[in-house]
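Participant: If you use numbering that gives the first Met the number 0, the sequence shown closes out at 208, no skipped numbers anywhere. Cβ atoms here follow ideal geometry from the backbone N, Cα and C, with glycine treated the same way. Remember, predicted model here, so these are calculated numbers, not experimental data. Can you keep this structure in mind? I'll have questions shortly.
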Amino acid sequence: MIKWLKNLLGNTPAIESTDDTMKKFLIVGLGNPGSKYENTRHNIGFKILDELASMKEVSFETLKLGDVAQTTHKGKKITLLKPNTFMNLSGKAIKYYLKQENISIDQLLVVTDDLNLEFGTIRMKGKGSPGGHNGLKDTQVQLNTPNYPRLRFGISDQFSKGNQVNYVLGEWSNEELKDLPERIETAARAALAFTHGGLANAMNQFNGK
Numbered sequence: 000m001i002k003w004l005k006n007l008l009g010n011t012p013a014i015e016s017t018d019d020t021m022k023k024f025l026i027v028g029l030g031n032p033g034s035k036y037e038n039t040r041h042n043i044g045f046k047i048l049d050e051l052a053s054m055k056e057v058s059f060e061t062l063k064l065g066d067v068a069q070t071t072h073k074g075k076k077i078t079l080l081k082p083n084t085f086m087n088l089s090g091k092a093i094k095y096y097l098k099q100e101n102i103s104i105d106q107l108l109v110v111t112d113d114l115n116l117e118f119g120t121i122r123m124k125g126k127g128s129p130g131g132h133n134g135l136k137d138t139q140v141q142l143n144t145p146n147y148p149r150l151r152f153g154i155s156d157q158f159s160k161g162n163q164v165n166y167v168l169g170e171w172s173n174e175e176l177k178d179l180p181e182r183i184e185t186a187a188r189a190a191l192a193f194t195h196g197g198l199a200n201a202m203n204q205f206n207g208k
């Protein structure tokens, strides 16, 4: 009888849970809400999220703490988030949607601008300091850890002393605008690579490009 039960159970296929078959990811673009900031360097995170939504043919809906879109990519469920809390409070929205969607920190990707990288350069990391970036600073405080994946998009540091704020909150130069669409598309593809191939694979494929 016991042998018969073992044989029966052994031939029964395992039932996989939804969490096992479809991992969930949260991709967050940092920026400031409102038309005043729409085309500024500091809002590149929003632009990259807009490109992702366009690629996946989905639209954003204004919900609690931000604009949100849902999509899938190669069997993974992805929540796209553009916080509407302003840059300094970005972490509040990130923390809320991680909990709301039951997503782990290692499946979070924060997309942001970076003064320390040449224009258009992409660099992905699994952890790091805020480096003076207020959005990353608040995210670290809210998540209580600096250990979360991020995609940094270079905006360079071509500003005179004391003019950093105006530069970051300024609009792209005509020269930058020529290359910006291609750079944004590459960053969006890097974000998708993170969801289906993992951080290490995405880093190898896109860092420095």
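Below 8 angstroms, can you find three or more Cβ-Cβ pairs linking the stretch 157-165 to the stretch 56-69?
Facilitator: No contact exists between the stretch 157-165 and the stretch 56-69.
Participant: Leaving out five residues on either side along the sequence, give the residues of the same chain with a beta carbon under 7 angstroms from the beta carbon of E184.
Facilitator: Once the five neighbours on either side are set aside, the close Cβ partners of E184 are E50.
Participant: How big is the Cα-Cα spacing for F45 and A186?
Facilitator: Their Cα atoms are separated by approximately 12 angstroms.
Participant: Quick one, are the C-beta atoms of L108 and I47 less than 8 angstroms apart?
Facilitator: No, the Cβ-Cβ distance between L108 and I47 is not below 8 angstroms.
Participant: Rounded to whole angstroms, what's the CA-CA distance from P148 to G28? Just pull it up for me.
Facilitator: Roughly 12 angstroms separates the two Cα atoms.
Participant: Could you spell out where the alpha helix (DSSP H) holding Q69 opens and where it closes?
Facilitator: Premise fails: Q69 lies in the beta strand (DSSP E), G65 to H72, not in any alpha helix (DSSP H).
Participant: Where does N6 land, buried or exposed, given buried means 16+ other C-beta within 10 angstroms?
Facilitator: A caution first: N6 carries a pLDDT of 47, below 50, which makes its placement in the model too unreliable to give a value.
Participant: Is the stretch 99-114 touching the stretch 131-148, taking contact as three or more C-beta pairs under 8 angstroms?
Facilitator: Touching, yes.
Participant: Look up G44 in the DSSP assignment and say whether it is helix, strand or coil.
Facilitator: If DSSP states are grouped into helix, strand and coil, G44 belongs with the helices.
Participant: Span of the alpha helix (DSSP H) holding I121?
Facilitator: Where I121 is concerned, there is no enclosing alpha helix (DSSP H), although the beta strand (DSSP E) it sits in stretches over I121 to K124.
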